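Visitor: Take the position in the sequence shown, starting the count at 1, then add 26; the result is the number in the numbering used here.
Glycine included, C-beta positions come from ideal geometry on N, C-alpha and C.
The structure displayed is predicted, hence computed values, not measured ones.
The structure that follows is given in the form of structure tokens.
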Amino acid sequence: MAVTTKIELVGALSESYEDELGDRYRFKKGAIVSVPVNVAAVLLRKMIKRKPLFRAVVDS
Numbered sequence: 027m028a029v030t031t032k033i034e035l036v037g038a039l040s041e042s043y044e045d046e047l048g049d050r051y052r053f054k055k056g057a058i059v060s061v062p063v064n065v066a067a068v069l070l071r072k073m074i075k076r077k078p079l080f081r082a083v084v085d086s
């Protein structure tokens, strides 16, 4: 079972991502989605190069 984390799309209306295994992930603005940590790392790293698109969600 893959380790997951939650992220939220905040900087665009929608965004999609395809990982190296061919799995596709689609995100809509405001939706909090649980994704594998390797996918979250790539998406959060994209924020450094572009305007902030995603934020990590911390459970309280």
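Isoleucine 35 lies in the beta strand (DSSP E); which residues open and close that run?
Guide: The displayed chain sequence assigns leucine, not isoleucine, to residue 35. Here the beta strand (DSSP E) through leucine 35 covers 30-35.
Visitor: In this structure, how does DSSP classify valine 65 when only helix, strand and coil are distinguished?
Guide: Looking at valine 65 - three-state DSSP - the assignment turns out to be helix.
Visitor: List the DSSP bridge partners of glutamate 41.
Guide: Per DSSP, Phe53.
Visitor: Mind checking who valine 84 pairs with in its DSSP beta bridge?
Guide: Note: valine 84 sits in no beta bridge, so no partner.
Visitor: Between serine 40 and the rest of its own chain, which residues show a CB-CB distance below 6 Å, the 5 nearest in sequence each way excluded?
Guide: Within the same chain, serine 40 has close Cβ partners Lys54.
Visitor: Count the other CB atoms within 10 Å of the CB of isoleucine 58; is the residue buried (16 or more) or exposed (fewer)?
Guide: Exposed, by the Cβ-count rule.
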